[in-house]
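K.L.:
I am attaching a structure below and will ask some questions about it afterwards.
In this note's numbering, the protein residues as written are 19 to 105.
Take a look at the structure:
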């Protein structure tokens, strides 16, 4: 772990890929009988979904999933990790 000279916010963040994060989220959601889905462009327009959405037995739970936010909420991403930006 990087030295932070007593400052919590100065810890170097380790980037993780979108693929790794979606796999972690999918495993955590599966335990709750929910699923992370990727919307096609057509479905995004027709149903007002974001790129990622979450479904459960009752239908769409979250239509516009922010991966890193959900990952932190479910505890599948560590404080020193961050989502690697797309190129």
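A virtual CB, placed ideally from N, CA and C, is assigned to each residue, including glycine.
Is it right to say residue 42 is buried, meaning 16 or more other beta carbons lie within 10 angstroms of its own, or is it exposed?
P.N.:
buried
K.L.:
Return the CA-CA distance between residue 70 and residue 57, expressed in angstroms with no decimal places.
P.N.:
6 angstroms
K.L.:
Just grab the DSSP bridge partners of residue 47 for me.
P.N.:
DSSP, once it has assigned bridges, lists no residue as partnering residue 47.
K.L.:
Which whole-angstrom value describes the C-beta separation of residue 83 and residue 68, a residue pair presumed to lie in contact below a C-beta threshold of 8 angstroms?
P.N.:
The pair is a contact, with the Cβ atoms about 6 angstroms apart (cut-off 8 angstroms).
K.L.:
Please confirm whether residue 52 and residue 74 have their CB atoms less than 8 angstroms apart.
P.N.:
yes
K.L.:
Taking Cβ positions, are residue 54 and residue 79 nearer each other than 8 angstroms?
P.N.:
No, the Cβ-Cβ distance between residue 54 and residue 79 is not below 8 angstroms.
K.L.:
Using 10 angstroms around the beta-carbon of residue 30, count the other beta-carbons present and answer buried if the total reaches 16, otherwise exposed.
P.N.:
exposed
K.L.:
Could you spell out the range, first to last residue, of the beta strand (DSSP E) harbouring residue 99?
P.N.:
99-101
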